[in-house]
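Student: Residue numbers (my numbering): 3 to 286.
Where is the CB? At the ideal position from N, CA and C, for every residue including glycine.
(1) Taking the alpha-carbon of residue 41 as reference, which of 238, 171, 254 and 280 has the nearest alpha-carbon?
(2) Alpha carbon to alpha carbon, how far is residue 38 from residue 28?
(3) Have a look at residue 137 and residue 144 and give me their C-alpha separation to the nearest angstrom.
(4) Looking at the strands, I want to know which residues DSSP matches up with residue 144.
(5) Taking the alpha-carbon positions, what's the residue 265 to residue 15 distance?
(6) Using a Cβ-Cβ cutoff of less than 6 angstroms, which residues in the same chain neighbour residue 59 once the five nearest sequence positions on both sides are dropped?
(7) Measuring only the C-alpha atoms, how far is residue 146 from residue 117?
(8) Output the boundary residues of the alpha helix (DSSP H) element that contains residue 116.
(9) Could I get the ranges of all uninterrupted beta strand (DSSP E) runs contained in the segment 48-89, with 3 residues as the minimum, in chain order?
(10) Along the alpha helix (DSSP H) that carries residue 181, what are the first and last residues, could you check?
(11) Could you check whether residue 176 and residue 148 sit closer than 8 angstroms to each other, using their CB atoms as the reference points?
(12) Compute the Euclidean distance between the alpha carbons of residue 234 and residue 240, then round it to the nearest angstrom.
(13) Spell out the partners DSSP gives residue 231 in its beta bridges.
(14) Taking just the CA atoms, how far does residue 281 sit from residue 134?
(15) Which two residues bound the contiguous alpha helix (DSSP H) that contains residue 252?
(16) For the candidate residues 230, 97 and 122, whose alpha-carbon lies nearest to that of residue 268?
(17) Quick one, are the C-beta atoms of residue 26 and residue 4 less than 8 angstroms apart?
(18) On the DSSP letters alone, give me the boundaries of the beta strand (DSSP E) that residue 27 sits inside.
Rendered as structure tokens:
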């Protein structure tokens, strides 16, 4: 279920300046089942690019192929695309509007015209997948905690049975415990549903812990793309772009500059612990 982005550019329609591109000649291929992270400072084009992937925005130039079909062909079923490419916005709980959790989750599949039994089955399954108890079915979503609201919003997208799940800053505004819960949820969805995940985040630690591939954007362009360890090896380049590497990576790089023999691709606290124990063992 690949996505091919072919020479895609997007020009703001309501800005009079000639050079007003939000996206500039983007070329990417996202394979079925990948877990991709997308980073870049505010205004780099991350969210705009994501909104193109399920047709919320239309490219000024270039095109997007989903499963080999051009989504801009006049006979392409855009409704089908939005069913298969699910987009969870930043602060998605602001989009909750039904009187109960179950009605909110059921809204998407119901509007697909599915039989009521299928709608109910999908909604129950989505609740289960995001860790929401059946006891909450008739509860108003507006009485829930921030993390629970986020789960309801994600469940509403999952009930559509997407093949690709795009999450734009899914942990924004949550406390540390809530962040971990949502990220573990996303990881489990990737492993159990085998769907493609595209995660947009400002947290380098989240990217180090969860994604496999990392795409870096700057001023509407893709400037780095590859395995997360290879991308985070470009510490100086990332800093010039206003970004950073995970804190533990920066710390280990500082130790290396002071003469310690450190592996170059330390990304997590667990990896740093093992590396430090190795160094201490050698010095005894």
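Tutor: Answer, in terms of the structure:
(1) With distances taken between Cα atoms, residue 41 lies closest to 171.
(2) In a straight line, the C-alpha of residue 38 is about 16 angstroms away from that of residue 28.
(3) Each residue's alpha carbon lies about 16 angstroms from the other.
(4) In the DSSP output, where bridge partners are listed per residue, residue 144 has none listed.
(5) Residue 265 and residue 15: Cα-Cα distance of roughly 48 angstroms.
(6) Contacts found: 53.
(7) Computed Cα separation, rounded: 29 angstroms.
(8) No alpha helix (DSSP H) holds residue 116; DSSP gives it neither H nor E.
(9) Those beta strand (DSSP E) runs which fall completely within the segment 48-89 and span 3+ residues are 63-68.
(10) Per DSSP, residue 181 belongs to the alpha helix (DSSP H) from 178-195.
(11) For residue 148 and residue 176, yes; Cβs fall inside 8 angstroms.
(12) C-alpha separation (whole angstroms): 8 angstroms.
(13) According to the DSSP secondary-structure assignment, residue 231 is paired through a beta bridge with no residue.
(14) Near 45 angstroms, if we compare the C-alpha coordinates of residue 281 and residue 134.
(15) Note, residue 252: alpha helix (DSSP H), 249-259.
(16) Minimum Cα distance to residue 268 is reached at 230.
(17) No.
(18) Its beta strand (DSSP E) spans residues 23-32.
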